[in-house]
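S.K.: Let me begin by handing over the structure; questions about it come next.
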Amino acid sequence: MIYPADKKISIVIPSHNEEKNISYLIEQLRETLSPTGYAYELIFVDDGSRDNTLNELKINAELHSNVFYVELSRNFGKDYALKAGIAMANGNAVITMDADLQHPPQLILKMLKLWENGYDIVYTYREGENPHGKGYQKVTSKLFYKGLNMLSDIKMENGTADFRLIDEKVVKQLKLIDEYEIFFRGIIKWAGYKQIGVPYIPSKRHTGEASYSFSKLVKLAVGSIVAFSARPLYIVSLIGLFFSTLAILYIPYVLVSYFLGYAVSGWASIIATIAFFGGLQLLVMSVIGVYVGKIFMQSKHRPHYIIRSSNVVIVDNDFIRI
-17 MIYPADKKIS
-7 IVIPSHNEEK
3 NISYLIEQLR
13 ETLSPTGYAY
23 ELIFVDDGSR
33 DNTLNELKIN
43 AELHSNVFYV
53 ELSRNFGKDY
63 ALKAGIAMAN
73 GNAVITMDAD
83 LQHPPQLILK
93 MLKLWENGYD
103 IVYTYREGEN
113 PHGKGYQKVT
123 SKLFYKGLNM
133 LSDIKMENGT
143 ADFRLIDEKV
153 VKQLKLIDEY
163 EIFFRGIIKW
173 AGYKQIGVPY
183 IPSKRHTGEA
193 SYSFSKLVKL
203 AVGSIVAFSA
213 RPLYIVSLIG
223 LFFSTLAILY
233 IPYVLVSYFL
243 GYAVSGWASI
253 IATIAFFGGL
263 QLLVMSVIGV
273 YVGKIFMQSK
283 HRPHYIIRSS
293 NVVIVDNDFI
303 RI
């Protein structure tokens, strides 16, 4: 099927140590998109790579007039890299995807068809477990989405990916969002509009290993939950109320024991009780601290990313392709 030639598609691809995947991904995207009739551009964001990713991007930008690169000054994280690429996109629709080819380029054709049928957002989610993921990644993925759905105000399918199509009117609103620790998978759900999910089976990485460590996954989970709900604060408040009530009920026991001449529980039970409630207080304070910390970081108004180099020039707050 040939689609309207007067529409442009921007594909944003955050890249971190993907030197061996860049050229192959570009080839796959060209084979997929060229027959459609769409004009398209590929925007790669080098998120502080330590290998030759940037050199590969520069070479391909010389070979292909619709390949653009943005080099960030350091590794700011995937969501900030996505934000940098989306800021530069000027297509009628923007597609975000990973550079490791686990997101099958052929699925883009289905996403475009759904977009032409009136959907503003076409997102993807894994159909079952990732057959190429490690054991701990499968477990943490399930826990992440269950925890997020339970503790936040948004609901997402297990395995929701950063492989999605966004209409230009949605992109316009996304560019206005200026919050600390942005989480695009959650923001997309929160934004509303007419959305549809497409299940997919991840392909095997073309080369390399996933760069997300367990500690990064934990940080992502905590940041995502805090970003979309104050429910953890309500939960620790209820916990505090419950144990405060238990403490009040303990007073009659002490008084009755005293007047009847019974021995009140000794130091062991007292120490255990103090240790328990001390730990509970630290838990409550840590949850509050996470929210206060996010407010503190947001108040600094630091830029989300710093561009070191690019073949896209900024002129009067507009991005000019060169």
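First residue of the sequence shown? That's -17 in our numbering, and the numbers climb one at a time after it. Think of the CB as a built atom: it goes at the ideal place given N, C-alpha and C, for glycine as much as any other residue.
Give me the Cα-Cα distance between T106 and K171, rounded to the nearest whole angstrom.
M.R.: Distance between the alpha carbons of T106 and K171: 12 Å.
S.K.: Using the Cα positions of S31 and N48, report the straight-line distance between them to the nearest angstrom.
M.R.: Their Cα atoms are separated by approximately 22 Å.
S.K.: Just to confirm the assignment, what range does the beta strand (DSSP E) spanning G308 have?
M.R.: Any property of residue 308 remains undetermined from this structure, which presents the chain solely from -17 to 304.
S.K.: Going along the chain, which residues of its own chain have a beta-carbon closer than 6 Å to the beta-carbon of I(-16), five neighbours each way excluded?
M.R.: Unreliable placement is indicated for I(-16), whose pLDDT of 46 sits below 50; no coordinate value is reported for it.
S.K.: Would you say I289 and L54 are within 8 Å of each other, going by their C-beta atoms?
M.R.: Cβ atoms of I289 and L54: closer than 8 Å.
S.K.: Express the C-alpha separation of I178 and E161 in angstroms, rounding to a whole number.
M.R.: Taking the straight line from one Cα to the other gives about 25 Å.
S.K.: Rank Y101, M138 and G67 by C-alpha distance to the C-alpha of R108 and give the top, closest one.
M.R.: Comparing Cα-Cα distances from R108 to each of Y101, M138 and G67, the minimum goes to M138.
S.K.: Just verifying my parser: in three-state terms, what is the DSSP assignment at G19?
M.R.: Three-state DSSP puts G19 in coil, outside helix and strand.
S.K.: Express the C-alpha separation of I183 and T14 in angstroms, rounding to a whole number.
M.R.: Cα to Cα, the separation comes out at about 18 Å.
S.K.: Whose C-beta lies closer than 7 Å to the C-beta of I136 among residues of the same chain, with five residues either side of it excluded?
M.R.: Here the set comprises G168, K171, W172 and F210.
S.K.: With a 10 Å radius around its C-beta and 16 neighbouring C-beta atoms as the bar for buried, classify Y127 as buried or exposed.
M.R.: By the 10 Å Cβ count, Y127 comes out buried.
S.K.: Can you round the beta-carbon distance between I(-9) and G73 to whole angstroms, since I take them to be within the 8 Å contact cut?
M.R.: At roughly 5 Å, the Cβ-Cβ gap stays under 8 Å, so I(-9) and G73 are in contact.
S.K.: Identify which residue in A63, E9, E23 and G271 has its Cα closest to the Cα of I164.
M.R.: Comparing Cα positions, the closest option is A63.
S.K.: Here's the rule: buried if 16 or more other CB atoms are within 10 angstroms of the residue's CB, otherwise exposed. What is N3?
M.R.: N3 is buried by the Cβ-count criterion.
S.K.: Please classify I256 as buried or exposed, where buried requires at least 16 neighbouring CB atoms within 10 angstroms.
M.R.: It is exposed - the Cβ of I256 has fewer than 16 other Cβ atoms within 10 Å.
S.K.: If we count the other Cβ atoms within 10 Å of its Cβ and call it buried at 16 or more, is S(-3) buried or exposed?
M.R.: Result: buried.
S.K.: In the DSSP assignment, find the unbroken alpha helix (DSSP H) run with R167 in it and report its ends.
M.R.: Looking at the DSSP string, the run of the alpha helix (DSSP H) that includes R167 is F166 to A173.
S.K.: Would you check if the distance between the CB atom of F50 and the CB atom of Y287 is smaller than 8 Å?
M.R.: Contact: no.
S.K.: Going by DSSP, which residues form a beta bridge with E305?
M.R.: One cannot answer for residue 305 here, as it falls past the ends of the chain, which runs -17 to 304.
S.K.: Which class does L147 belong to by DSSP, given the choice of helix, strand or coil?
M.R.: Looking at L147 - three-state DSSP - the assignment turns out to be strand.
S.K.: Consult DSSP for I159 and reduce its assignment to one of helix, strand or coil.
M.R.: I159: coil per DSSP, three-state reduction.
S.K.: Give me the Cα-Cα distance between L264 and F166, rounded to the nearest whole angstrom.
M.R.: Distance between the alpha carbons of L264 and F166: 31 Å.
S.K.: So V180 and K124 are supposed to be a Cβ contact under 8 Å. How far apart are they, rounded?
M.R.: Going by Cβ atoms, the distance from V180 to K124 rounds to 20 Å, so no, they are not a contact pair.
S.K.: With hydrogens ignored, establish whether the beta-carbon of R167 is closer than 7 Å to any heavy atom of the ligand SAH.
M.R.: What this structure holds is no ligand at all, so the ligand SAH is not there to describe.
S.K.: Between S5 and the rest of its own chain, which residues show a CB-CB distance below 7 Å, the 5 nearest in sequence each way excluded?
M.R.: These residues qualify, in order along the chain: E38 and N42.
S.K.: Tell me where the alpha helix (DSSP H) around I77 begins and ends.
M.R.: Here I77 belongs to no alpha helix (DSSP H); instead the beta strand (DSSP E) covers A75 to T78.
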